Each structure stands twice: as structure tokens, then as C-alpha cells.
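Down below is the structure, laid out as C-alpha cells.
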DNA sequence: CGAGTTTGACCCGCGC
DNA sequence: GCGCGGGTCAAACTCG
Ligand SMILES: [Zn+2]
């Protein structure tokens, strides 16, 4: 335990900032299920949201988050938690790669082709047990150079950043 | 060896 | 009642 690998300023924490170009990140408007792409363009043009997020990743980035708190514990013999207790946060980031790490470990669990779009949709899930946060990454159909990342759920564990 | 990733198949809800 | 779509899980493979 003596100093054998002491790294004073070589921590990976700096990676976090350099991985997410704030100037290249934009705010995406998520309205239940319908987003106005045209309107969105105008929004991101001069509309930045100062929303507080559950995670410390967004920082000054803006994000549309929809929090639905609904708890209906039904012990009738059916454990089908389908309530909208998942917060959906959509982000539009300008990047050619979508495998950026946001401080959490994600495990891909599905890839699907989006109809009317030549780009596939990737489904990711938090690797932490007990954490059922989902992440969906998809390329913009109108702007392939942009990537839309949608976070669903809330982490039940502290980020390993 | 383990975890993560890959692709296909399966499942369920909803629409008509 | 059946079909379709979207979404999810699982097995297998790969990489470190
Ligand atoms: Zn998590």
C-alpha cells in the first residue's frame, strides 16, 4: 500500500471533460414522443436550458428531462412495474462516434434499424446491478453528423467518476 | 477466464 | 382475433 503507483495528476477524471465537447453539444427538445425537428433547429440555435440533472454529467449542457413520478404498488400477484418512473433525457451531440463514456459503464443489449432512417438504433443498459438505467443512441436522420443520446431512468448508484 | 459485444428470435401491446 | 412493430433477451463469439 505504500506509494507504488501514485498518480498525482494523471487521473482519468480529466477524460470526462475532454470526451464531451460542450460547444458541440446541443439541447434536444423531447416532448413525450413527438419532437419537432424543424422547431428544434431553432431552439438549439439560441435556446439553452439550465435544467438541473440527476447526474453530474450534463453540467452546463441543456437537456429536456421529463420526470414522471407514479407509484402504484399492486401486490395482487403481478409484479409488472411498467409505471413511468423513468426520466427520459434526450441529448443531441455533434460527433462521429457515439461510444463516448459519460462516467458510467454501459452494456449494449440490442441494435435495431429505424424505419425511414438508414441509421441503426443502439440500445444500452447500465452494467451496474440494481441500476436499470437505459440509454438509446441513434444518429440523426437529417443530420448524420449528429448523434442523439436518450437516457432513460435514474442511476441508483454513485457515478464512478 | 471474464466481460462485453454481436445477431437473431421471441414477446407483448395495440390497431383494425 | 390476428397482424405488425417495437423492444427485449439469449446464445455465441471476440477481445483483453
Ligand atoms: Zn447506473
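Residue numbers (the UniProt record's numbering): 1 to 161.
We put the beta carbon where it would ideally sit given N, CA and C, even for glycine.
Small disclaimer: the values here were computed from a predicted structure and weren't measured.
- Each residue's CA atom was taken as its position, placing residue 101 and residue 92 some 15 Å apart.
- Remark: C-beta atoms of residue 111 and residue 126 do not approach each other more closely than 9 Å.
- Note on residue 135: 16 or more other CB atoms within 10 angstroms of its CB, so buried under the neighbour-count rule.
- When C-alpha distances from residue 143 are compared across 88, 89, 90, 94, the shortest belongs to 94.
- At least 9 Å separates the beta-carbon of residue 114 from that of residue 107.
- Around the C-beta of residue 149, 16 or more other C-beta atoms lie within 10 Å, and the residue is accordingly described as buried.
- If you draw a straight line from the Cα of residue 137 to the Cα of residue 158, it comes to about 22 Å.
- Of 132, 103, 123, the smallest CA-CA separation from residue 154 is found for 132.
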